[in-house]
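Peer 1: Got a structure here, written out as structure tokens. Questions coming.
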Amino acid sequence: MNPADEHSEQIDNCQHVLLRCFTNLLDFYERTGVKEKIHFHDRLHFVRPGGAVDILKPGWLPAPAHLIGSLLMFRGLTLTDKYSILTALAAMRHERQNPRLDNITIAHWLTTHGATEKAVSYFWRPILISALNEELERVSARPAFHVFLQGVMKNRASYQIGIPAVPLSELYPLELDNRLGENVRVHLRSSIKHIDPTDRVADYYVSAVPFEYINQLIPSLQLPLERFEHSPITGIHLWFDREITTLPHAVLLNRTIQWVFRKSANYFQCVVSSSRSLLPLSREKIIAMACCELGEFFPVALDARLIKAHVVKETRATYSSTPGLEVYRPLPTTKYPNLFLAGDWTQTGWPATMEGAVRSGYQAAEAIARATGREESFVLP
11 MNPADEHSEQ IDNCQHVLLR CFTNLLDFYE RTGVKEKIHF HDRLHFVRPG GAVDILKPGW
71 LPAPAHLIGS LLMFRGLTLT DKYSILTALA AMRHERQNPR LDNITIAHWL TTHGATEKAV
131 SYFWRPILIS ALNEELERVS ARPAFHVFLQ GVMKNRASYQ IGIPAVPLSE LYPLELDNRL
191 GENVRVHLRS SIKHIDPTDR VADYYVSAVP FEYINQLIPS LQLPLERFEH SPITGIHLWF
251 DREITTLPHA VLLNRTIQWV FRKSANYFQC VVSSSRSLLP LSREKIIAMA CCELGEFFPV
311 ALDARLIKAH VVKETRATYS STPGLEVYRP LPTTKYPNLF LAGDWTQTGW PATMEGAVRS
371 GYQAAEAIAR ATGREESFVL P
């Protein structure tokens, strides 16, 4: 929004969410003194059209079975649907080392393991599209396994979602360099068109640009990135004249909007991951769609008056974890001994997440330490 407008408020392009299992991201937040600004939630609200709510929460069973009790209570799923979910989750644990996982889609894997149509629509799809920002028919089974084995099933708290309680400008403030050490300086709006690692202007370089820029920035690298592509995210910000739900967040099932977050009493942010279908639509059509869908889940929204709205299309939000891509993700080291790569698209062992981004930076730092003859460990397990 326009900061010069006294009636405006600061908003993010889209709601950023993390999981409790993001150990390196939480370590970074601890280092920078903002960890307390992340609020975690141990209940996930799955809302069906009409307003009925199913809650995913831990029961008395130990991990990895801690969520089974609440899952069995989902009224939107039949016993057959629930059984198909439980058998697929068990199969994931047994097949986690299968080398074929990166060459097939998770949709194909679920189909071959008996997933029912409603189980996919009401459980697998909303979780995986939000976590991986890609359709099940396009995303590799390997990162999908990672979401469930490291996030949902790892331990009793790993699935919890963390939501920043402040805008991103406060989570990553301008004075952040002072918190990272006296030798760190942040130069804002300082573009770099080209880097020559051989000119020795600096002892070491770390490039953390998105994949589409690296070969432009350092043409001599010639990284094989032809198979990389983007997946978009659309954020829809809506202000009503009243509160339409008291839920802090909700997964909206079987519609275009996948998540809605209650930012204040009358401000709600809707998120559509893998939002290719929205890219050609006008702002007015997207807002109308969002209001219509919210009315299906929260009847109060049908009588609410929309005060203002804002739509943000992030066309290059993340890279797309398509089958076969994993082998093309580069290491932090390059053919230049003083040049290192970071970015969630590099080989981090994680998909396109904030955790993967921080891990890539820590891995680059470890590589620089080795280049100077020191063995340092920064990446947390």
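So my numbering is basically just the index in the sequence shown, starting at one, shifted up by 10. We treat Cβ as the ideally placed atom computed from N, Cα and C, and that holds for glycine.
Of all the options S200, K67, E46 and L87, which has the alpha carbon lying nearest to the alpha carbon of N264?
Peer 2: Looking at S200, K67, E46 and L87, the one whose alpha-carbon comes closest to that of N264 is L87.
Peer 1: Quick check: what's the CA-CA separation for K128 versus A62?
Peer 2: 16 Å
Peer 1: Could you tell me if T122 is buried or exposed, where buried requires 16 or more neighbouring beta carbons within 10 angstroms of its beta carbon?
Peer 2: exposed
Peer 1: Might you give, ordered along the chain, the residues of its own chain that have their beta carbon closer than 7 Å to the beta carbon of L35, omitting 5 neighbours on each side?
Peer 2: Hits under 7 Å: L28, M364, E365 and V368.
Peer 1: Return helix, strand or coil for L209, following the three-state DSSP convention.
Peer 2: The sequence shown places Asp at residue 209, not Leu. Under the three-state reduction of DSSP output, D209 falls in the helix class.
Peer 1: Report the CB separation of G245 from Q25 in whole angstroms; it is logged as a contact under 8 Å.
Peer 2: 7 Å
Peer 1: When the distance is taken between beta carbons, is A311 closer than 8 Å to P342?
Peer 2: no
Peer 1: If you run the structure through DSSP and keep just helix, strand and coil, what is F155?
Peer 2: helix
Peer 1: Check this for me: beta carbons of K92 and L77, under 8 Å apart or not?
Peer 2: No. Outside cutoff.
Peer 1: Given a cut-off of 8 Å on the beta-carbon distance, is the pair A141 and W119 in contact?
Peer 2: Using a Cβ distance threshold of 8 Å, A141 and W119 do not count as a contacting pair.
Peer 1: Identify whether A375 lies in helix, strand or coil by the three-state DSSP scheme.
Peer 2: helix
Peer 1: Under three-state DSSP, which class holds P220?
Peer 2: coil
Peer 1: Taking DSSP's pairing of strands, which residues face S241 in a bridge?
Peer 2: T328
Peer 1: Would you give the residue range spanned by the beta strand (DSSP E) that R315 belongs to?
Peer 2: Taken as a continuous stretch (DSSP letters only), R315 belongs to no beta strand (DSSP E), as it is neither H nor E.
Peer 1: Quick check on DSSP: helix, strand or coil for D91?
Peer 2: helix
Peer 1: Out of curiosity, what's the CA-to-CA distance linking P229 and H204?
Peer 2: Between the alpha carbons of P229 and H204 lies a distance of about 8 Å.
Peer 1: Between the region 316 to 329 and the region 226 to 243, can you find at least three pairs of beta-carbon atoms closer than 8 Å?
Peer 2: Short answer: they touch.
Peer 1: Can you tell which of D112, E147 and S94 has the C-alpha that lies nearest to the C-alpha of G124?
Peer 2: S94
Peer 1: My assumption, with CB atoms under 8 Å, is that A300 sits in contact with L248. Please give the rounded CB distance.
Peer 2: 6 Å
Peer 1: Please determine, among R315, H320 and L178, the residue with the shortest C-alpha to C-alpha distance to K295.
Peer 2: H320
Peer 1: Assign I246 to one of three DSSP states: helix, strand, or coil.
Peer 2: strand
Peer 1: If you compare alpha carbons, which of N165, R135 and Q20 is closest to S284?
Peer 2: R135
Peer 1: Please name the residue, chosen from T126, L54, Q268 and L288, that lies closest to L96 on a Cα-to-Cα basis.
Peer 2: Distance from the Cα of L96 is smallest, within the candidate group T126, L54, Q268 and L288, for T126.
Peer 1: Using a Cβ-Cβ cutoff of less than 6 Å, which residues in the same chain neighbour L54 once the five nearest sequence positions on both sides are dropped?
Peer 2: L66
Peer 1: Counting C-beta neighbours from all protein chains within 10 Å, is the total for W70 16 or more, i.e. buried, or is it exposed?
Peer 2: exposed
Peer 1: Pairing CB atoms from the region 167 to 185 with CB atoms from the region 40 to 51, are three or more of them under 8 Å?
Peer 2: yes
Peer 1: What is the DSSP secondary structure of A14, reduced to helix, strand or coil?
Peer 2: Legend: pLDDT at A14 = 40, less than 50; position of this residue unreliable, value from coordinates given subsequently. Three-state DSSP puts A14 in coil, outside helix and strand.
Peer 1: With respect to the alpha helix (DSSP H) encompassing R58, which residues constitute its N-terminal and C-terminal limits?
Peer 2: Here R58 belongs to no alpha helix (DSSP H), and DSSP marks it neither H nor E.
Peer 1: Give me the residue from R103, A218, H104 and R195 with the minimum Cα distance to G371.
Peer 2: A218
Peer 1: Restricting to runs no shorter than 4 residues, where is the alpha helix (DSSP H) found entirely within the region 21 to 89?
Peer 2: 33 to 42 and 78 to 82
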